[in-house]
Every structure is written in structure tokens, then in C-alpha cells.
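What follows is a short report on a single structure.
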Amino acid sequence: MTTPEVATPQVTLSTLERLPDEVLSLILDFAMTRNSPFLIHRRWMPRPRYTNVTWRHPAKPLKSRPHRRDSHEDHMADWIAINHTCRRIRRLGREAFLGTKVIAMHSTLPARLLPADELRPDRAADWAADYFERVLSREDLKHVRHLALVDANDHAPMWMIALPGLLASFFPQLRSCTLLFGHAESEVEGAAATTGRPARETLRRLLVAVGLRERLVLEESVGRGTSWAENERSMERCIYPILRFKVEALRKKKKEEEEIGTAGGE
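Adding 495 to a residue's 1-based position in the sequence shown gives its number in the numbering used here.
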């Protein structure tokens, strides 16, 4: 009777290496998928498996309570896994990591990232708050398909006007975008940030008129720092008027260009 062979890490890795890119990408997509957003600029420090060790009685052993991982630790464990296996998994896993997760970030982050040819990952301080600013390039953002902007501001009309250009410039494969109003960073990766609803028709219509892709799924989420009623009042007072002004300015510009083209043709 022969003894069944036990798979070793080398055998497992060899099996993965024989898979075509398409199949391996599907596996990595499945492995990287999480229900919670990943706040990309949050500082993270690895924690021990057991915390809060307390001494109950000299005659009894120490008692410890298992540490419960939060969602950020799960995302970081995914990042470590894809970057410490092999070059091929690092390449495909990076795309899977950014493409399957809801990536939460400040709207100013894309402009701070360097082009790929200027990136120096070795300069990244381990797990500092700006770690991903140092290891991701602007080109990496093309893989992001689901985005959450944590600094959505219902008092800043220029922020909203710049939104269509931001998404078009840095996120060509984007399928959905959630605007987080009034969320504390501690809420972003929790359930509160996933309870968004489709964007109000007025906001969506105005943003499409100033350049937002019509097929993009746009959602909104309001945190404990505000309320839907307060948010709506701010939108009516600060955001909608300037968006309507921009829409009208674009309409007039287009009409003038058409008239000039018609006059030139004559």
C-alpha cells in the first residue's frame, strides 16, 4: 500500500504556476473579495494573536483573550499574501486586490501618487499612514473598479465640480463610486459605509451634465456626523446652484461653438 503524497508549499506553488493567467486571476479575485471597504491611508500595525493578558491568581495559569481581527487587518493580510508569494502572483494579485475591493480614499490621494517610473517602494516606511502612497503608482489606479471617497463635502461646490474630471483622469475602469458624507474614519470600514443608497436624481443629473460617465453607479452614504435632511439642505444651498451654473455655462459654450461652425461653413 502506497502512502499518499502530502502537498508541500513547493508543490502547491508549482501547481499555481502552471495555471493560465485567466484562471489564476479568477482565483485571486475570489480570494481578495471582502464585504467592507478598505481605507487605503489608515495606519496599520500588526498585532499579536492574543491580547489583554491578565493575572487571575498565583495558583492558576494566565488567562488571555483572543484578539479579534478587524476588517482592515483582513485587507492587510491579503496585501501581504499577494506580495510575498512570487512575482507572477504579485503582478496578478495587485490587480485583483485593487479591482475587487471597495477602495476608500481621500480625493486628493491620486494626485499625490507618483508615476510608475518614479516609484521607489524601498523608501516606504513599514505600515506608516502614507505607506500606500509610496508603493502604489498612478497607473495602479486604473485597476480600481469600486471607489469610496471619504471626504465628500456638501459645503464645497468646487469639490463636486471637480469630481467627474477626477474619476475620468485616474479611474478608467471604475464601475461604482460612493460619496461618504460626514463619516468618521473609524466608520469607513464598518457597516455604516456600506449602507449607501443610489445618488439623488438631481445630483446625478447635474454631475452627468458636467462630465460624469452616465453608466457609472453613483451612491451616497451619510454618517453619524450628519443626517440626510441636513445633507440635503447643504446640497440645495451650496452644491446644486453652482452645478446648475456650470451646466448652463457649458450649454452656452456649446451653442456658441455650433454657431461659429455654422457661420464658418457658409
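Backbone N, C-alpha and C define an ideal beta-carbon position, used for all residues, glycine too.
For residue i, I'd like the list of residues in its chain whose CB is within less than 7 Å of its CB, leaving aside the five on either flank, ordered along the chain.
i	result
L587	D516, L519, S520, L523
I737	P652, I656
L669	V639, R640, L642, L662, L711
R513	none
E568	none
H650	S729, C733
Taking only the alpha-carbon atoms, compute the straight-line gap between residue i and residue j and give it to the nearest angstrom.
i	j	result
R699	L713	7 Å
K453	E752	Residue 453 falls outside the range modelled here, since the chain spans only 496 to 761, and no answer is possible.
R695	E727	9 Å
K750	H641	35 Å
A526	A643	21 Å
E725	S566	30 Å
D573	T595	12 Å
R710	L658	15 Å
G718	T673	12 Å
H678	V597	16 Å
R633	R607	9 Å
T721	R732	16 Å
R529	L593	11 Å
D646	E680	10 Å
N648	F676	6 Å
F740	I575	47 Å
R746	P667	25 Å
Between which residues of its own chain and residue i is the CB-CB distance below 6 Å, once the five residues before and five after are set aside?
i	result
M655	I734
E590	H638
N578	R585
Taking the alpha-carbon of residue i as reference, which of the options has the nearest alpha-carbon?
i	options	result
I584	G718, L511, K750, L658	L511
F533	H579, T580, P693, A599	A599
E628	L701, L644, P667, P610	P610
L604	H570, I577, F592, L662	L662
G691	T697, E715, A679	E715
F808	P693, R529, L631	Residue 808 lies beyond the range of the chain shown here (496 to 761); nothing can be said about it.
L767	R513, C581, G660	One cannot answer for residue 767 here, as it falls past the ends of the chain, which runs 496 to 761.
H536	C581, H570, T580, D625	D625
T697	M730, R746, W723	M730
W723	R746, F740, K747, P693	P693
Among residues of its own chain, excluding the 5 on either side of residue i, which ones have a beta-carbon nearer than 8 Å to its beta-carbon?
i	result
V742	L701, A704, V705
A744	none
What residues match up with residue i in a beta bridge as DSSP calls it?
i	result
A599	L534, A643
With a threshold of 8 Å between beta carbons, is residue i in contact with chain B?
i	result
M653	Given the protein chain composition of this structure (a single chain), no chain B is represented.
Cβ of residue i within 7 Å of any heavy atom in the ligand COA?
i	result
L604	Only the bare structure without any ligand can be found here, which leaves the ligand COA out of the picture.
Requested in this report: List in chain order: all unbroken beta strand (DSSP E) runs of 3+ residues lying wholly within the segment 607-679.
Outcome: 641-647, 671-676
**Report entry** Length-filtered (4 minimum) alpha helix (DSSP H) runs lying within the segment 686-757
**Finding:** 696-704, 723-729
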